[in-house]
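Keeping their order, the protein sequence lines are chains A and B. Residue 293 in the numbering used here sits at position 293 of the first sequence; the count goes up by one each step and never skips. If you want the numbering used here, it's the 1-based position in the second sequence plus 1000.
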Amino acid sequence: MPPGVDPPEAEPAPALRCVDVRRSFRIGKRVVVALDGINVEARRGGVTGLIGPDAAGKTTLMRLAAGLLLPDSGRIEVLGIDVARDPLAVQARVGYMPQHFGLYEDLSVRENLDLYADLQGVAPAERPARYAELLHMTGLGPFTGRMAGRLSGGMKQKLGLACTLVQPPELLLLDEPTVGVDPVSRRELWQIIDHLTRGLRTTVLFSTAYLDEAERCDTVLLLHEGKLLGSGPPREISGAMEGRSFHAVASLGRRQLQERLASLPWVMDAVIQSGGVRVVTATRTAPDPASVWPPVPDLRFTPVPARFEDGFVARLNDTMGRTAPSSPASAEGGLRAALPPPAQDGEVIVVEHLTRRFGDFTAVDDISFGVRRGEIFGLLGANGAGKSTTFRMLCGLLPPTSGRLRVAGFDLRTAAAPVRGRIGYMAQKFSLYGDLSVAQNLRFFASAYRLRGARRAERIAWASEEFELAPMQDATARDLPLGFKQRLALACALMHEPEILFLDEPTSGVDPLGRREFWRRINGLAELGVTVLVTTHFMEEAEYCDRLAIMAQGRVLSAGTPEAIKATARTASRPDPTMEDAFIAVIEAADNRGLAA
Amino acid sequence: MNQVAFRRLRGLLRKEFLQIWRDPSALAIAFLLPAVLLLIFGYGVSLDARNVPLALVVQRPGALAASFTSAFARSPYFRPRAFLDIQQAERAMQAREVKGVVWLPSDFARRAEHGGNSPIGVIVNGVDANDARLIEGYVQQVWATWLTAEARAQGQASPTPLSAQPRVRFNPAVSSRNYLVPGLIAVIMTLTGALLTALVIAREWERGTMEALMVTRVAMREILLAKLVPYFLLGMGGMAASVAMAVLLFGVPLVGAWWVLAGASALFMLAALGMGLLISSFARNQFVAGQIAIIVTFLPAFLLSGFVFDIGSMPRVVQWITHVVAARYFVAILQSVFLAGDVWSVILPNALALAVMAVLFLGLARAVFHRRLD
Chain A
1 MPPGVDPPEA EPAPALRCVD VRRSFRIGKR VVVALDGINV EARRGGVTGL IGPDAAGKTT
61 LMRLAAGLLL PDSGRIEVLG IDVARDPLAV QARVGYMPQH FGLYEDLSVR ENLDLYADLQ
121 GVAPAERPAR YAELLHMTGL GPFTGRMAGR LSGGMKQKLG LACTLVQPPE LLLLDEPTVG
181 VDPVSRRELW QIIDHLTRGL RTTVLFSTAY LDEAERCDTV LLLHEGKLLG SGPPREISGA
241 MEGRSFHAVA SLGRRQLQER LASLPWVMDA VIQSGGVRVV TATRTAPDPA SVWPPVPDLR
301 FTPVPARFED GFVARLNDTM GRTAPSSPAS AEGGLRAALP PPAQDGEVIV VEHLTRRFGD
361 FTAVDDISFG VRRGEIFGLL GANGAGKSTT FRMLCGLLPP TSGRLRVAGF DLRTAAAPVR
421 GRIGYMAQKF SLYGDLSVAQ NLRFFASAYR LRGARRAERI AWASEEFELA PMQDATARDL
481 PLGFKQRLAL ACALMHEPEI LFLDEPTSGV DPLGRREFWR RINGLAELGV TVLVTTHFME
541 EAEYCDRLAI MAQGRVLSAG TPEAIKATAR TASRPDPTME DAFIAVIEAA DNRGLAA
Chain B
1001 MNQVAFRRLR GLLRKEFLQI WRDPSALAIA FLLPAVLLLI FGYGVSLDAR NVPLALVVQR
1061 PGALAASFTS AFARSPYFRP RAFLDIQQAE RAMQAREVKG VVWLPSDFAR RAEHGGNSPI
1121 GVIVNGVDAN DARLIEGYVQ QVWATWLTAE ARAQGQASPT PLSAQPRVRF NPAVSSRNYL
1181 VPGLIAVIMT LTGALLTALV IAREWERGTM EALMVTRVAM REILLAKLVP YFLLGMGGMA
1241 ASVAMAVLLF GVPLVGAWWV LAGASALFML AALGMGLLIS SFARNQFVAG QIAIIVTFLP
1301 AFLLSGFVFD IGSMPRVVQW ITHVVAARYF VAILQSVFLA GDVWSVILPN ALALAVMAVL
1361 FLGLARAVFH RRLD
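Encoded structure:
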């Protein structure tokens, strides 16, 4: 199939055009609507971002565009070609990188490139030059002999990209290429994308759940639960929010301040950031410190530029109807009023020189940190940084290879059982019983934590009220929306009133409103003295923590308060670094040390 | 095939061989598993009765009784234990210490000396029906031999007026190993053919590589061909190793020509690979693919191919079902080629059936595999 040539006088056909595209899937007996009547056009050139949380329909749209799925109804055109009618013609002109990059893990970098060059019909004579260019662009030159399975997440992502680019496509489809990848690799991927779109006039369709990436796209399509919430340049979406974003500071604790501000009618959004609270007003009016009740004497608001996420939250609020935020902290009556005194003064979790090896692979490499009671402590890092392994050791699920671990005053090597009764654990994957109803799950976990009789009934009643699960009582857990699943999982983890709560990537894939609601609950628990350990790869969520540790390759590269960590990245040209800037600075510093050593 | 298409196919084939070489699981399924199965069946499982523990109850010892018991002691089939009364012997049978009881009544010698007709009692444990029938037959044989010998010693004519002279053809040693091992090869081939193919394609689905392949310029037939060729060779390699083991280690005779064996195996391998491809078109993870492959290919090959259980003695409905089990035709060919030689009246119709099944499964696989995820 020769590449299509558009008549010179005509406007080239759009990269992607969807006309009333619908697609549903049958999962067991249920029918899930992945895309519900999408009408959209993405022009040629530049990066079009497909932005939305999990289950928004991003992957389905990508697969439809790649000709891997047929729509139930409607029409989808790529580069002017009807995909359903002529998928081969489309596939000859697009490059597609699926989630997890589509690499053969037991083939080397070079062998993966060779395979895709063979499959894409790259003539052998062209290959040396093409490979040299791709290896240079991705920085994989020194690793051509390494098995793809032994590459880091960021390198896999770049190899996947190189394989799809081995024959330069007109349209590049990238399905969540940055999920769980460290920020340095993420930044490098964006540099490659810029080079492709600016230098080589490639059109890129890029899907992501990270809202901060939207600002790097030329156009965005906002998807939520199979519907298009909006489209246009990202500045247009955040522009509507201009003049409504403020940074609030007061001598009050950040979490109390956030709680107080979030309950005000004129506040649309309030999240913790940079030692204060970032507030978005519901209308374009200046915030009125006097309306805050109970009053906060030294409350000050400074205007800050709007960001993309503000616009997304506003649109979500419009479509879903704004729900008044419940204030979990005050309603947390069921939790232990007086927690038992911590064994050591202050620190309830002590980790010293903790190491875990699997064969010749060191997953956790000599890490040390301490967590104080009532603190929210974050572990920030990419996939494979060692966060989950650390968690499993802290919960007594995995014995450490060496090092010391004390949780709630007990040494986990000798006394794992008493510790388990005092901790709650929420696993990364949905780990409740999908076939049981909400009520059955609650009952089961209450019994599993050995609650009996009146106590059990009381805790179940508390959980269903506190987490607003009552309306979903009889729904099968598997069928719940993601946000509800998260809530139910948290309710089950709190059933036995643990004094320490472990949350392993609790909010990944959840939409911004769901994430905010979840964090409000976490804040409420921390205010009551529950110690919370949380892992995340959302940079902004790191700001919600009291202290955090940045992890990479099994090591803690930096630890401290979010402000202190950000301060290390402060330079003359960058007076107000973001958490991502700080993360990148920390990793680069570690790499330099590694080179020096 | 033009040069670009040829390069695509060559690239895929190279990838497949590299994966087979680097991931030991495929080689293990192709070579280790057959070896283990052959060793278990070759050494462990035997449908012959040898050294069967047997209780001999002699209520009144005497010269005649001694001669009778020594006939049992000499037999390779039995390991007799003497008991004095029948109750004790029956208790031993209940405790599974002996598998049968032969009982000489107290008037055995007297009746033998008079009319020559002296009955003996035989009790066998019917829990294991197969063993029970064998033991019964062997006891009768020993008894008949002894009677004839006794009669000859006393200068009388044989007391049994008529005796059958069984002559076993094609498996003169009547060793169950000789027909189990060739049949087992069919089961092993099913395993390497269907299971391996289904698993490796499911792995491509799981890791998302199939999705990536589909959006390249590769044609579906090229993907299928690139799976067929390596696993065909791997399966035939496993087959050759199994035959070598059968002949060299277990001494199973290979009467027929090796090329007939190779040809029939190739046909069967194609049918098995076709089944594997078909399974992998809808089973998208390795666990499900493995389960389905075992249930729809391995178990039928084991139970319904006539490899252990005779098809002729199955209920009619089950017999009818066996016609869709490809292994059935292959087992018939294998048993013929190994033990009887190239009996064309057996080989040709069965080979034709295999060819039909190969074409059917491969054609179906080609028809259901398309470049979409749904």
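The beta carbon of each residue, even a glycine, is placed where N, CA and C say it ideally should be.
- Within chain A, the residues whose beta carbon sits less than 8 Å from that of residue 1019 (chain B) are 104, 106 and 107, listed in sequence order.
- DSSP, reduced to helix, strand and coil, places residue 1326 (chain B) within a helical segment of the structure shown.
- Within chain A, no C-beta atom comes nearer than 7 Å to that of residue 1283 (chain B); the closest sits roughly 16 Å away.
- Per DSSP, the continuous beta strand (DSSP E) segment holding residue 1058 (chain B) begins and ends at 1052 to 1058.
- Under a criterion of Cβ atoms nearer than 8 Å, the residues of chain A adjacent to residue 1008 (chain B) are, in order, 118, 119 and 121.
- The DSSP assignment places complete alpha helix (DSSP H) segments of no fewer than 4 residues inside the segment 218 to 301 of chain A at 234 to 239 and 254 to 262, in order along the chain.
- Beyond the five residues adjoining it in sequence on each side, residue 313 (chain A) comes within less than 6 Å, by CB distance, of 269 and 512 in the same chain, given in chain order.
- Here the segment 44 to 61 of chain A lies against the segment 172 to 179 of chain A, with 3 or more beta-carbon pairs under 8 Å apart.
- At the C-beta level, residue 162 (chain A) and residue 135 (chain A) come within 9 Å of one another.
- In the DSSP assignment, residue 1368 (chain B) falls within the alpha helix (DSSP H) that extends over 1344 to 1368.
- Taking CB atoms only, residue 1297 (chain B) has no neighbour in chain A less than 9 Å away.
- Each residue's CA atom was taken as its position, placing residue 63 (chain A) and residue 1215 (chain B) some 10 Å apart.
- Spanning the alpha carbons of residue 387 (chain A) and residue 370 (chain A) requires a straight line of approximately 15 Å.
- Across the structure, residue 1057 (chain B) and residue 1037 (chain B) are spaced so that their CA atoms are roughly 40 Å apart.
- Inclusion of residue 98 (chain A) and residue 1011 (chain B) in the CB contact set at 9 Å is not warranted, their separation being larger than that value.
- For residue 1139 (chain B), the enclosing alpha helix (DSSP H) stretches over residues 1129 to 1153.
- Out of A:503, A:57, A:45 and A:234, the CA that lies nearest to the CA of residue 33 (chain A) is found in A:57.
- Identification of chain B residues near residue 100 (chain A) by a Cβ-Cβ cut-off of 8 Å yields 1207 and 1208, ordered along the chain.
- Taking C-beta separations shorter than 6 Å and ignoring five residues to either side along the sequence, the partners of residue 66 (chain A) in its chain run 96 and 173, following chain order.
- Here DSSP, grouped into helix, strand and coil, assigns residue 211 (chain A) to helix.
- When CB distances to chain B are screened at a threshold of 9 Å, not a single residue of the segment 514 to 540 of chain A falls below it.
- Residue 428 (chain A) and residue 153 (chain A) have their alpha carbons spaced roughly 18 Å apart.
- In this structure, the alpha-carbon of residue 1018 (chain B) lies about 8 Å from that of residue 106 (chain A).
- Following the DSSP letters along the chain, one finds residue 425 (chain A) inside the beta strand (DSSP E) bounded by residues 423 to 426.
- Of the other Cβ atoms in all chains shown, 16 or more fall within 10 Å of the Cβ of residue 276 (chain A); this residue is therefore buried.
- Scanning chain B for C-beta atoms nearer than 9 Å to the C-beta of residue 96 (chain A) yields 1211, 1212, 1214, 1215 and 1216, reported in chain order.
- Counting of Cβ neighbours within 10 angstroms places residue 1310 (chain B) among the exposed residues, the total staying below 16.
- Annotation for residue 1092 (chain B): 1055 and 1098 place their beta carbon closer than 6 Å to its own, counting only its chain and skipping 5 residues before and after.
- By the Cβ rule, the segment 518 to 525 of chain A does not count as touching the segment 556 to 569 of chain A, because fewer than three pairs are nearer than 8 Å.
- Per DSSP, residue 1020 (chain B) is one residue of the alpha helix (DSSP H) stretching across 1003 to 1022.
- The Cβ of residue 18 (chain A) sits no closer than 9 Å to any Cβ of chain B.
- Unbroken alpha helix (DSSP H) stretches of 4 residues or longer found wholly inside the segment 74 to 162 of chain A: 87 to 91, 109 to 119 and 127 to 138, given in chain order.
- For residue 1334 (chain B), the closest of B:1277, B:1285 and B:1258 by C-alpha to C-alpha distance is B:1258.
- Residue contact with chain B for residue 67 (chain A): present (Cβ-Cβ distance below 9 Å to some residue of chain B).
- Judged by DSSP in its simplified three-state form, residue 1285 (chain B) adopts coil rather than helix or strand.
- Contact between the segment 67 to 83 of chain A and the segment 19 to 32 of chain A is present: 3 or more CB-CB pairs across the two stretches fall below 8 Å.
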